[in-house]
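Letter 127 of the sequence shown, counting from 1, is numbered 127 in full-length UniProt numbering, and no numbers are missing. Glycine is no exception: its CB is placed at the ideal position from the N, C-alpha and C atoms.
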Amino acid sequence: MQVTSLSLEAFKEMDYWAVEKYNLSIELMMENAGLQLARLIAKKANESSVITIGVGNGNNGGGGLVAARRLAAWGFNVNLDLVVPITKDLPKAQLERALLFGAKEGIPETTDIWVDAYLGFSQRLPLSDAFVKSIALANASSAFRISLDIPVGISKDGELLGFKANQVMTLAAPKTILEKLPNEVEVFMADLGIPKSVYEHFNIKMPNFKEHQLIAL
Ligand SMILES: NC(=O)C1=CN([C@@H]2O[C@H](COP(=O)(O)OP(=O)(O)OC[C@H]3O[C@@H](n4cnc5c(N)ncnc54)[C@H](OP(=O)(O)O)[C@@H]3O)[C@@H](O)[C@H]2O)[C@H](O)CC1
Ligand SMILES: [K+]
């Protein structure tokens, strides 16, 4: 029997398998994630939109920084909320690129679209004060809110305690933790380029990525 969604632990295993068996590096998958996120953000934006992307020190932040770079390349006004120092190699390289492309550091006075690439599947609760402060600002703003992969601050059973996302763009496969989000939260799934054989190995139905790289759930 094929499963329909994965626990975070099972998803991490699937990810690891794709990296190990197919030499599909995190950097390559991050590029796909960031492009799909940029496309989702661009659908909500217009020329004058102010976009803020919240970034943590990990690969969730790295994906947000790829989106920042792509959006800046398309001419959007992109701002980066760097809550913690970005010290890990891959997110640091993505930050340098995003800044070169014209993304700016800091939270602007008003934001139209606020993106949570603060933390993804490696987040530990409780969150540190710096994250709590940024999430409170985002939730109190009138911005449209989009989370990359998993909303930061979500409880283990899917309660939306932290970032109050209007949309979530999750990666590669449906995750059990997202099933209990309120009905009004729109969830999309994005193609990372993981091959069908990996889905089959983990007994999960591959989403129809050959037709659409971004699928509404
Ligand atoms: N193939 C893929 O699945 C891809 C996934 N991507 C995205 O990557 C994230 C997961 O990335 P990861 O680097 O494992 O972790 P996070 O970004 O979720 O977290 C980063 C680090 O933040 C620290 N952390 C965790 N909790 C807290 C907290 N409460 N307060 C402060 N800091 C915290 C922790 O680092 P430590 O050094 O402190 O242990 C985390 O490691 C996934 O969700 C996807 O969005 C890629 O973008 C593409 C490929
Ligand atoms: K997130």
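Leaving aside the five residues before and after residue i along the sequence, list all residues of the same chain whose C-beta is less than 8 Å from its C-beta, in chain order.
i: L6; result: M14, A173, P174, K175, T176, F202 and I204
i: I107; result: T52, N79, D81, S134 and L137
i: T87; result: N57
i: S155; result: L125 and L161
Taking the straight line between their C-alpha atoms, what separation do you get for residue i and residue j?
i: V19; j: M206; result: 17 Å
i: E184; j: D157; result: 17 Å
i: T111; j: A38; result: 16 Å
i: F76; j: L214; result: 21 Å
i: L95; j: L24; result: 22 Å
i: G162; j: Q123; result: 12 Å
i: S141; j: Y22; result: 42 Å
i: K196; j: H212; result: 15 Å
i: E186; j: A72; result: 25 Å
i: F188; j: T170; result: 6 Å
i: K43; j: T4; result: 28 Å
i: I41; j: I113; result: 8 Å
Any heavy atom of ligand 2 inside 7 Å of the beta-carbon of residue i?
i: V83; result: no
i: V152; result: yes
i: A190; result: no
i: A117; result: yes
Spatial neighbours of residue i within its chain, please: CB distance less than 7 Å, with the 5 preceding and 5 following residues excluded, ordered by chain position.
i: G182; result: Note that residue 182 is Pro in the sequence shown, not Gly. Closer than 7 Å at the Cβ level, and outside the excluded window around P182, lie L160.
i: R70; result: G34, L35 and A38
i: E27; result: L90
i: A130; result: V83 and V84
Under the DSSP definition of a beta bridge, which residues are partnered with residue i?
i: D81; result: G54
i: V168; result: S147 and V187
i: W74; result: Note: W74 sits in no beta bridge, so no partner.
i: L6; result: K175
Between residue i and the rest of its own chain, which residues show a CB-CB distance below 6 Å, the 5 nearest in sequence each way excluded?
i: L119; result: G56, N60 and V152
i: N166; result: F144 and R145
i: G102; result: A72
Heavy atoms of ligand 1 versus C-beta positions, residues under 6 Å | D15, I26, M29, M30, A33, G56, N57, G58, N59, N60, G61, G62, G63, L119, G120, F121, S122, Q123, R124, L127, S128, F131, L148, D149, I150, L171 and L192
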